[in-house]
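Residue numbers (the working numbering), protein chains in the order written: chain G, 1 to 210; chain X, 1001 to 1298. Ideal Cβ placement from N, Cα and C applies to all residues, glycine included. Heads up, the thing below is written out as structure tokens.
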Ligand code: SF4
Ligand code: SF4
Ligand code: SF4
Ligand code: SF4
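Here you go:
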């Protein structure tokens, strides 16, 4: 993974803006930002503590070439995909997608923050839903709560138990799914082949050879 | 009115035994009353949802949606795809837009689809269930089926994000969309005014950043109570789950006494159309909607 980081550093030298433009989804929009701050004021993660840089600052840091600060940031991972910034930006910049795009790129080249919970969720969710073509909610929930090791998993699971039990009682969480039953697509083979091809094509288009 | 036919994309959470199975039950019953025919897209797959962005990357996400488009075109030609899940709808619409705007993405998508024996030429329209109700039938038609108005009930319409941004429902503003309020009034209840109607509940981050998401949810429920509402109604399975199942944890953390039922618009409609508690999927509530249970039994 860090090889990929070196490969990209070598390719783009000190031009971080260009790197983001070519590598992150919708990254070529970053230069359009006029630093008005509307997005920052619209961002729900900004209303509560825990966010480090709102979109406006991320875009400024990109232009200032602060590569490590951006790629290591927790900020992009706090995005809830609420699209508040997206619909309000006077420059019509697709901010939500850029935030996701930068996060994805940081992860792809091994620079995302360690133990990032939303990154873990993203991995778990995608692997869960592509395994059988549809989400297995019980396995999804189990994997999520046991992410920090058994003891912590149990603590969280306890806290979540009331919620989960409520869902089971209401017939909305099917414990059978844990046993490998549950919902599946028929053509799982086709789905896997198609996704493998898609992954290969994307890596090729972005010049990221593993 | 002539029967309306659509290609149905229920999404993972609406399947039997899944977290929004009560949504599906009520939608089926509602569609029966309204003479809407929904045929499931054969072997449909998950849209990937927006939170998978990091692991999935760009093309694989679009390809997942494209497979559903291709299956729909092949098996249910010329029908609009209708999603009940707001997240499915958003994800699918986004893919449609991207593929239609980029011939590179479209070509790559078809190369990938070929591996699953499929090919995509025309992408069907992708619509949310409430669009079908509002645009294809209209409020008047919807009101004409009401047998038992939900008189005297005060309900807060929680629109949230995904049916509202970035696409939204035609003719609605992002800051104060009215369609859910109008649906509430259509079934004879009162839509209360509160200021958290389009606040984000935290979405998928309810899993990964529970404290932050629960702080958001607390604001939403609190504001709904302040407006005099006794229930919340949503168009989205994730909004529904987030605002319903964490109320207990929020009470513990903040010392609040939340116990507000959270319903789908379709459940209200079924009841107003004279359906039973079972038709409306009321047995699927984690926080029981007692007022509605009583109403249904009368
Ligand atoms: S709202 Fe748009 S233009 Fe303004 S700071 Fe944010 S991204 Fe830049
Ligand atoms: S979409 Fe993401 S970045 Fe934009 S306002 Fe919402 S949480 Fe913030
Ligand atoms: S949005 Fe959710 S329910 Fe809909 S297909 Fe995606 S994962 Fe499944
Ligand atoms: S309010 Fe929450 S669940 Fe609903 S659409 Fe927004 S992020 Fe998704």
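- Exposure of residue 1173 of chain X is indicated by the presence of fewer than 16 other C-beta atoms within 10 angstroms of its C-beta.
- Residues 1223 of the same chain have their beta carbon placed closer than 8 Å to that of residue 1195 of chain X, with the five preceding and five following residues left out of the count.
- Interface flag for residue 1108 of chain X against chain G is set, since a Cβ pair is found closer than 9 Å.
- Contact between the stretch 193-203 of chain G and the stretch 1115-1130 of chain X is present: 3 or more CB-CB pairs across the two stretches fall below 8 Å.
- Taking the C-beta atoms as reference points, residue 56 of chain G is found no nearer than 9 Å to residue 23 of chain G.
- Residue 188 of chain G sits in a helix when the DSSP states are folded into three classes.
- Look at the beta carbons and you see the stretch 71-80 of chain G touching the stretch 109-124 of chain G: at least three pairs across the two are nearer than 8 Å.
- The continuous beta strand (DSSP E) containing residue 1005 of chain X extends over residues 1004-1009.
- Interface residue (Cβ-Cβ distance to chain G less than 9 Å): residue 1119 of chain X is not classified as such.
- Distances from the CA of residue 1166 of chain X to each of X:1106, X:1103, X:1216, X:1092 were compared; the closest alpha carbon is that of X:1092.
- Looking at the DSSP output, residue 1232 of chain X sits in a beta bridge with X:1156, X:1262.
- Burial is judged here by how many other beta carbons sit within 10 angstroms of a residue's own beta carbon; residue 10 of chain G has fewer than 16 and is exposed.
- Between residue 1191 of chain X and residue 1128 of chain X, the CB-CB gap reaches or exceeds 9 Å.
- Within the stretch 1124-1168 of chain X, complete alpha helix (DSSP H) segments of at least 4 residues are found at 1139-1144, given in chain order.
- Here residue 1257 of chain X is exposed. Its C-beta has fewer than 16 other C-beta atoms within 10 Å.
- Proximity of residue 28 of chain G to chain X, defined by a Cβ-Cβ separation below 9 Å, is not satisfied.
- Bridge pairing for residue 1083 of chain X: X:1009, X:1128 [DSSP].
- For residue 1021 of chain X, the closest Cβ of chain G is nearer than 9 Å.
- Rounded to the nearest whole angstrom, the C-alpha separation of residue 1138 of chain X and residue 1240 of chain X is 24 Å.
- In this structure, residue 1005 of chain X places its C-beta atom within 9 Å of the C-beta atom of residue 1079 of chain X.
- The alpha-carbon of residue 1019 of chain X is positioned some 41 Å away from that of residue 61 of chain G.
- About 7 Å separates the CB atoms of residue 1233 of chain X and residue 1264 of chain X; that is less than 8 Å, so the two are in contact.
- With a cutoff of 9 Å on beta-carbon distance, residue 1269 of chain X and residue 1038 of chain X are scored as not near each other.
- Proximity of residue 1026 of chain X to chain G, defined by a Cβ-Cβ separation below 9 Å, is not satisfied.
- At a beta-carbon threshold of 8 Å, the residues of chain G lying near residue 1015 of chain X are 134, 183, ordered along the chain.
- Between the beta-carbon of residue 1203 of chain X and that of residue 1149 of chain X there is about 34 Å, and that puts the pair past the 8 Å contact cut.
- Rounded to the nearest angstrom, the gap between the Cα atoms of residue 1171 of chain X and residue 1177 of chain X is 9 Å.
- Secondary structure remark: continuous alpha helix (DSSP H) runs of at least 4 residues inside the stretch 48-105 of chain G, in chain order: 55-63, 67-71, 84-88.
- For residue 1039 of chain X, the enclosing beta strand (DSSP E) begins and ends at 1036-1040.
- Under DSSP, residue 1190 of chain X forms a beta bridge with X:1154.
- For the C-beta of residue 104 of chain G, the chain X residues within less than 7 Å are, from N- to C-terminus, 1053, 1054, 1057.
- Its Cα nearest to that of residue 96 of chain G, the residue G:85 stands out among G:90, G:85, G:104.
- Taking all protein chains in view, the Cβ of residue 1062 of chain X is crowded by 16 or more other Cβ atoms within 10 Å, so the residue is classified as buried.
- Residue nearest to residue 1130 of chain X within the set X:1225, X:1231, X:1036 is X:1036 (criterion: CA-CA distance).
- Of the heavy atoms belonging to ligand 1, at least one sits nearer than 8 Å to the Cβ of residue 37 of chain G.
- When X:1050, X:1236, X:1249 are compared, the shortest CA-CA separation from residue 1262 of chain X is found for X:1236.
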